[in-house]
Amino acid sequence: MKNKIVPTGKERSLKGDTYIVSKTDTKGKITYANRIFMEISGYRESDLLGIQHNILRHPDMPRGAFKLMWDTISTGKEFFAYVINLCKNGDHYWVLANITPDYDEAGNITGYLSVRRLPKPEVVKALIPVYAQMVAEEKRVGAKGAIDASQAMLMNMVKEAGHDSYETFILSL
Ligand SMILES: Cc1cc2nc3c(=O)[nH]c(=O)nc-3n(C[C@H](O)[C@H](O)[C@H](O)COP(=O)(O)O)c2cc1C
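Put into structure tokens, the structure is as follows:
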């Protein structure tokens with residue numbers, strides 16, 4: 003389901019000692035959402051279960067960031083990311099997400115778990131222009147090649163800051 007929600011520009015904030023938790027299948031369809039998730043996003047459980055996680059997609063999030071996430075978690079590794087998410091009414095909230103694969107007994111990935119907590123405000127401040135440049139680059143390049151272009155831009159910024167990966171970069175901020 004694609005998101006047609008218009009952002010209000012109003013920010014919501016996660017309480018310091020709470021976690022937004024969701025689980026998905028291997029394609030990113032929501033299979034579980036905790037109470038805090040529903041409270042902050044404004045959705046009921048019945049709005050979420052079986053729905054693609056991009057229901058929360060905010061237009062300020064670069065596609066390149068999600069590509070990096072999928073490339074990482076689908077190979078069985080965990081991923082950390084700063085994410086801006088859209089609520090049902092168009093408000094938004096920033097989180098630091100940790101996404102990990104779930105496995106069956108045979109070692110196959112059966113889905114993913116995301117645990118999100120309150121991000122550091124100074125990191126959000128530092129990342130807003132980074133994500134904005136990536137989104138602008140994606141628009142400039144157009145659908146074909148957009149993700150490669152914005153990822154290359156991200157990696158340049160990460161390297162300029164003296165890091166090898168987006169994750170070590172954000173976790174160092
Ligand atoms: C466990 C898990 C949690 C996710 N959480 C979010 C999220 O909070 N916000 C979001 O926009 N996308 C989230 N995604 C990624 C979406 O599935 C999707 O890739 C992304 O929103 C980009 O959607 P699009 O390619 O349709 O633009 C999550 C994916 C997984 C596997």
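Everything in the sequence shown is counted per my numbering, starting at 3 for the first residue and increasing by one.
Ideal Cβ positions, reconstructed from N, Cα and C, are used throughout, including at glycine.
For ligand 1, is there a heavy atom less than 7 Å away from the beta-carbon of residue i?
| i | result |
| --- | --- |
| residue 82 | no |
| residue 94 | no |
| residue 68 | yes |
| residue 26 | yes |
| residue 59 | yes |
| residue 40 | no |
| residue 101 | yes |
| residue 85 | yes |
| residue 30 | yes |
| residue 34 | no |
| residue 55 | yes |
Does residue i pass the burial test, meaning 16 or more other C-beta atoms within 10 Å, or should it be called exposed?
| i | result |
| --- | --- |
| residue 72 | exposed |
| residue 46 | exposed |
| residue 129 | buried |
| residue 156 | buried |
| residue 59 | buried |
| residue 3 | Low confidence applies to residue 3: its pLDDT is 48, below 50, so where it sits in the model is not reliable, and the reading given next is rough at best. Residue 3 is exposed by the Cβ-count criterion. |
Just to check my reading of the structure: residue i and residue j have Cβ atoms closer than 8 Å, yes? What is that Cβ distance to the nearest angstrom?
| i | j | result |
| --- | --- | --- |
| residue 113 | residue 49 | Not confirmed; about 19 Å, so no contact. |
| residue 91 | residue 44 | 6 Å |
| residue 14 | residue 42 | 6 Å |
| residue 98 | residue 123 | The pair is not a contact, with the Cβ atoms about 11 Å apart (cut-off 8 Å). |
| residue 175 | residue 117 | Not really, about 19 Å apart at Cβ, beyond 8 Å. |
| residue 140 | residue 65 | 6 Å |
May I ask you to list the residues that DSSP assigns as paired with residue i?
| i | result |
| --- | --- |
| residue 24 | 35, 116 |
| residue 104 | 113 |
| residue 82 | 100 |
Out of the options, which has the shortest C-alpha to C-alpha gap to residue i?
| i | options | result |
| --- | --- | --- |
| residue 18 | 119, 77, 25 | 119 |
| residue 52 | 60, 67, 38, 29 | 29 |
| residue 111 | 65, 161, 96, 78 | 78 |
| residue 136 | 58, 12, 68 | 68 |
| residue 127 | 140, 84, 169 | 84 |
| residue 95 | 103, 62, 109 | 62 |
| residue 133 | 168, 147, 105, 108 | 168 |
| residue 100 | 109, 107, 106, 74 | 74 |
| residue 9 | 147, 93, 22, 148 | 93 |
| residue 194 | 161, 166, 148, 57 | Only positions 3 to 175 of the chain appear in this structure, which leaves residue 194 out of reach. |
| residue 11 | 81, 89, 147 | 89 |
| residue 173 | 35, 82, 31 | 82 |
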